[in-house]
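Enquirer: Dropping the structure in here first, questions after.
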Amino acid sequence: MGGALLGVLFVLTTTLGDLVESQVKRDLGIKDMGRLLPGHGGLMDRLDGVLPSAVAAWIVLTLLP
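My numbering applies: residue 1287 is where the sequence shown begins, and numbers increase by one.
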């Protein structure tokens, strides 16, 4: 059951992170978040879903026995 919960949590937080980061870029009027990874939208575009998922996973794994 814990694995299913974690899977659903990953899907939700990854999608939400991507949508929030896209909205921030739209509000700022920019296409890419940085020049570290040219052609890929920048480093933040690669991590926009991973970061909130990592935080959520840490919280869930810390709180659940």
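Where a beta carbon is used, it is the ideal one built from N, C-alpha and C, also for glycine. Quick caveat, the model's predicted, so the values are computed rather than measured.
What residues in its chain sit with their C-beta under 6 Å from that of D1331, if we drop five residues either side in the sequence?
Expert: The answer, listed in chain order, is M1319.
Enquirer: Taking the alpha-carbon of K1311 as reference, which of L1350, I1345, D1334 has the nearest alpha-carbon?
Expert: It is D1334.
Enquirer: Return the residue from the list T1348, A1343, P1338 that minimises the CA-CA distance to G1303.
Expert: Cα-wise, what sits closest to G1303 is P1338.
Enquirer: Just reading off the alpha helix (DSSP H) that D1244 is part of, what are its end residues?
Expert: Outside the shown range of the chain, which is 1287 to 1351, sits residue 1244, and nothing can be said about it.
Enquirer: Helix or strand or just coil, what does DSSP make of P1324?
Expert: Three-state result, P1324: coil.
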